[in-house]
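One structure is given below, encoded as structure tokens.
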Amino acid sequence: CSEVGSTAGQCETCADGYFRNSNASPTSDSCLECDPTCLTCSAAGESGCKSCKDGYFLGATINTAGKCIKCDNVDDTNWKGVVGCLKCTTSGAANTPATCTECQADRYLKAKVGDTAETCETKETCTGGYFPKDESTGGNKCVKCSDTDNGGIADCAKCSLVTSSTRAGVAVTCTECGSGKKLSPLKDACLTACPAGTYDSSNVCTPCHTSCAECNSNANQDSCTACYPGSVLNKTDSLNTGTCIPECTGRYAENCEANQCTAVLGGSKYCSRCKSGFVPVDGLCVSSGTTRAPPAGCTPGTDGTCSACTDTYFKESGGCYLSTAYPGKTLCSQASNGQCSQCANGQTQNNGIYPACDPTCATCETGKSQECKTCFSGYYFDVTNKVCKKCSENSADGKIQGVENCVSCAPPASSGTVTCYVTQTPTVNR
Numbered sequence: 007c008s009e010v011g012s013t014a015g016q017c018e019t020c021a022d023g024y025f026r027n028s029n030a031s032p033t034s035d036s037c038l039e040c041d042p043t044c045l046t047c048s049a050a051g052e053s054g055c056k057s058c059k060d061g062y063f064l065g066a067t068i069n070t071a072g073k074c075i076k077c078d079n080v081d082d083t084n085w086k087g088v089v090g091c092l093k094c095t096t097s098g099a100a101n102t103p104a105t106c107t108e109c110q111a112d113r114y115l116k117a118k119v120g121d122t123a124e125t126c127e128t129k130e131t132c133t134g135g136y137f138p139k140d141e142s143t144g145g146n147k148c149v150k151c152s153d154t155d156n157g158g159i160a161d162c163a164k165c166s167l168v169t170s171s172t173r174a175g176v177a178v179t180c181t182e183c184g185s186g187k188k189l190s191p192l193k194d195a196c197l198t199a200c201p202a203g204t205y206d207s208s209n210v211c212t213p214c215h216t217s218c219a220e221c222n223s224n225a226n227q228d229s230c231t232a233c234y235p236g237s238v239l240n241k242t243d244s245l246n247t248g249t250c251i252p253e254c255t256g257r258y259a260e261n262c263e264a265n266q267c268t269a270v271l272g273g274s275k276y277c278s279r280c281k282s283g284f285v286p287v288d289g290l291c292v293s294s295g296t297t298r299a300p301p302a303g304c305t306p307g308t309d310g311t312c313s314a315c316t317d318t319y320f321k322e323s324g325g326c327y328l329s330t331a332y333p334g335k336t337l338c339s340q341a342s343n344g345q346c347s348q349c350a351n352g353q354t355q356n357n358g359i360y361p362a363c364d365p366t367c368a369t370c371e372t373g374k375s376q377e378c379k380t381c382f383s384g385y386y387f388d389v390t391n392k393v394c395k396k397c398s399e400n401s402a403d404g405k406i407q408g409v410e411n412c413v414s415c416a417p418p419a420s421s422g423t424v425t426c427y428v429t430q431t432p433t434v435n436r
């Protein structure tokens, strides 16, 4: 009895597990015991339950009495539970399964999707866009791969579990991204674009050769289309591909005046003044030719430089560079009549002249050359200080730590170590 009434010797309100005897009197029981499955009831027997104990649900419509059915019982004619369910609530409607809230110890609760009811999956069946997550309280979960609140990866469509040496215990690895995103080379993120040192292969960021900042859809050393700062593209049989070699070496050093490898494009140095009879075009010293047959893009001067540029070439540090090819396109994205008409660094050109950003910036704030917006390959953007730092270097305030030998990376959200995608020595990336 939980409340004594005004009539002596009689209970007015019965405790859970009991119901009031309609024939109660001072000499008879006021409260009678419910069926063992009932939490509360209005009558004796299994059909008199109003609410159920944990592990059961009420097989009755709203505000009516009925029997309590085990949460995992799927054999009842009208009221069905869920296989492997430990705790649940009633749906309140016949022929509609109970709502499972917690599964048995060896099962994983998969949330309702559309018209599909909650289910209790085994570890082996929690797949196809889901992964099993063990919980110490509240029951295990079958979690959607994209559920970041439960350890998933944003925009991940399919995933699996792997044992990680750096992330405690078992970690989620994405195997396929959704929403048109690209799968990170570490398989730990879905990206808008593939990072430096990788190429997009059916929405999977696949490694180039370690020397390439960009490449032509394979990992061959001679398939580079862009290089990391400090290296230059030694083109082979086309305007676009080649191998990456150290700046100011090989063909890029031939016929260059001593100490004149000083032009900086894309973070790498090129010849700015050539020896007599040569001029710098796309960073190489080429023959100055004749008045009638000058080299493509360049009007030769008399001092080993180009006095002017032609067509879709533009002038930079004594040389002429093609705006549609590397490395020229790192500075100018469009040129005509020998002048740059659209700067690649985000600045506004003036009569073919474009304001320079800090050498580490790919783009910078308008009128603020020292405030980077994006970085060249091999650098990460320190958003707090608006500067670009090498992937191997720490930020000035020490909040971001670089990774030794790293040449392609992404900064942490606020502080911590950069995510390294590519190293140029054989070290493990994760």
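Going by the numbering used here, the sequence shown opens with residue 7, and the numbers climb by one from there. Ideal placement from N, C-alpha and C gives every residue a C-beta, glycine not left out. Just so it is clear, the structure is predicted and the values come from calculations on it, not from any experiment.
Burial state of residue i (16 or more Cβ within 10 Å)
i           : result
residue 83  : exposed
residue 245 : exposed
residue 109 : buried
residue 368 : buried
residue 121 : exposed
residue 419 : exposed
residue 329 : buried
residue 289 : buried
residue 388 : buried
residue 345 : buried
residue 406 : buried
residue 237 : buried
residue 134 : exposed
residue 218 : buried
residue 125 : buried
residue 75  : buried
Rounded C-alpha distance that separates residue i from residue j
i           : j           : result
residue 308 : residue 335 : 27 angstroms
residue 228 : residue 214 : 10 angstroms
residue 401 : residue 187 : 29 angstroms
residue 205 : residue 130 : 33 angstroms
residue 397 : residue 409 : 6 angstroms
residue 11  : residue 145 : 42 angstroms
residue 154 : residue 160 : 6 angstroms
residue 354 : residue 164 : 44 angstroms
residue 412 : residue 232 : 17 angstroms
residue 18  : residue 158 : 53 angstroms
residue 291 : residue 417 : 38 angstroms
residue 212 : residue 98  : 52 angstroms
According to DSSP, residues forming a beta bridge with residue i
i           : result
residue 203 : Partner(s): none; residue 203 has no beta bridge.
residue 80  : Its beta-bridge partners do not exist; DSSP assigns none.
residue 319 : 328
residue 388 : 393
residue 24  : 39
residue 356 : 359
residue 103 : For residue 103, which the question treats as bridged, DSSP gives no partner whatsoever.
residue 371 : 374
residue 74  : 64
C-beta atoms of residue i and residue j nearer than 9 angstroms
i           : j           : result
residue 337 : residue 351 : yes
residue 216 : residue 425 : no
residue 490 : residue 86  : Given that the chain is displayed from residue 7 to residue 436, the structure contains no residue 490 and the question cannot be resolved.
residue 91  : residue 78  : yes
residue 310 : residue 286 : yes
residue 316 : residue 340 : no
residue 366 : residue 349 : no
residue 94  : residue 73  : no
residue 115 : residue 107 : yes
residue 178 : residue 166 : yes
residue 261 : residue 251 : no
residue 5   : residue 404 : With the chain represented from 7 up to 436, any question about residue 5 goes unanswered, as that position is not in the structure.
Test: residue i CB closer than 9 angstroms to a CB of chain C
i           : result
residue 429 : No chain C is part of this structure, which consists of one protein chain only.
Between the segment 20-30 and the segment 40-56, do at least 3 Cβ pairs fall closer than 8 angstroms? Output reads yes: the segment 40-56 touches the segment 20-30.
Using 8 angstroms as the threshold, is the segment 222-236 in touch with the segment 368-381, meaning 3 or more CB pairs across them? Result no; under three Cβ-Cβ pairs closer than 8 angstroms.
May I ask you to verify whether the segment 59-78 touches the segment 33-40, counting CB pairs closer than 8 angstroms and requiring at least 3? no
Counting Cβ pairs, one atom from each stretch, are 3 or more of them under 8 angstroms apart for the segment 189-203 and the segment 291-298? Verdict: no, contact absent.
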